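Using numbering that gives the first Met the number 0, the first residue of the sequence shown is number 0, and each one after it goes up by one. Glycine is no exception: its CB is placed at the ideal position from the N, C-alpha and C atoms. Keep in mind the model is a prediction, meaning the values are calculated, not measured. Okay, so here's the structure we're looking at.
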Amino acid sequence: MFLPLHDANPIRHVGFPYVNYALIGITVLVFLVQSALPPLAFEQAAINFGMIPIVVRDLYPQPVPWLPDWANLVTYAFLHADWLHLLTNMLFLWVFGDNIEDALGHVRYLFFYLACAVLAALAHLLFNLDGNGPLIGASGAVAGVMGAYVLLYPHARVFVLARIVWLIPLPVPAFWMLGFWIASQFFYVLVGSEEAVAWWAHIGGFLAGVLLAAPLRRRGVPLLGGR
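Given below as structure tokens:
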């Protein structure tokens, strides 16, 4: 397992990546509200605003009558199961999201992030058509950010903490770290991991990020770290 600390990849265009910071702030705020709820209400919030495949497919009524079924394809990305779930996602978003906002611009980055959340949820839905448990977490959207990063900045140095040497930050190329990460997601799918992790949401989000980054990037931003 690798945890990114920071990258050596300064932003060049937007000045201040306020959309990325706003996404982090809103997600943390939502979790603080979740955490203040009693346990049963916490679980009910996940049911109400998480993405449940059989609800999206209209096989089961929407738990919140005034909420359109499609809205859960977005709202789920702002809920988290616990602090570790939240902090891991926000750490990755903090490290990689500012550069993608820089490459796309503020408005297109917001669209990109939400689109990756939707496409990640649809990937999960596709492979869990009869699923009756809620999908929650920003992992799919963040995976999209990671996919865009490896397409745009594959050679950027990312300083990571690796499990074998937790106390020593190791500089590695982004394509190495993120390539290892997406390969591990496919591995867990292939071996049939029974962990309560939405592997297909991660894969779908990552691929969505790769596909969307090129057409959405601002003029003059090269692919694959080119000049």
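Following the DSSP letters along the chain, one finds Leu-160 in no alpha helix (DSSP H) but inside the beta strand (DSSP E) bounded by residues 156–161. Annotated three-state conformation of Pro-67 is coil, per DSSP. The region 103–122 makes no contact with the region 170–182, as fewer than three CB pairs between them are under 8 Å. Annotation for Phe-1: no alpha helix (DSSP H) segment contains it, though the beta strand (DSSP E) segment containing it runs 1–6. Shown here, Pro-37 sits in coil according to DSSP, grouped into three states, outside any helix or strand.
Of Ala-207, Glu-194, Ala-137 and Gly-208, the smallest CA-CA separation from Asn-71 is found for Ala-137. Looking from the CA of Tyr-112, the closest CA among Val-13, Gly-204 and Gln-33 belongs to Gly-204. Between the alpha carbons of Leu-78 and Val-141 lies a gap of roughly 13 Å. In this structure, Ala-147 and Ile-99 form a Cβ contact; the two beta carbons are roughly 5 Å apart against a cut-off of 8 Å.
The C-alpha of Asp-129 lies about 38 Å from the C-alpha of Gly-104.
Counting only runs of 4+ residues, the alpha helix (DSSP H) found wholly inside the region 8–60 occupies 17–34, 38–48 and 52–55, in chain order. Secondary structure note for Asn-88: its alpha helix (DSSP H) is the uninterrupted segment 82–103. Taking the CA atoms as reference points, Leu-66 sits about 42 Å from Arg-162. In this structure, the alpha-carbon of Arg-218 lies about 49 Å from that of Leu-39. For Leu-222, no alpha helix (DSSP H) encloses it, and the DSSP letter there is neither H nor E. The alpha-carbon of Ala-197 is positioned some 21 Å away from that of Leu-22.
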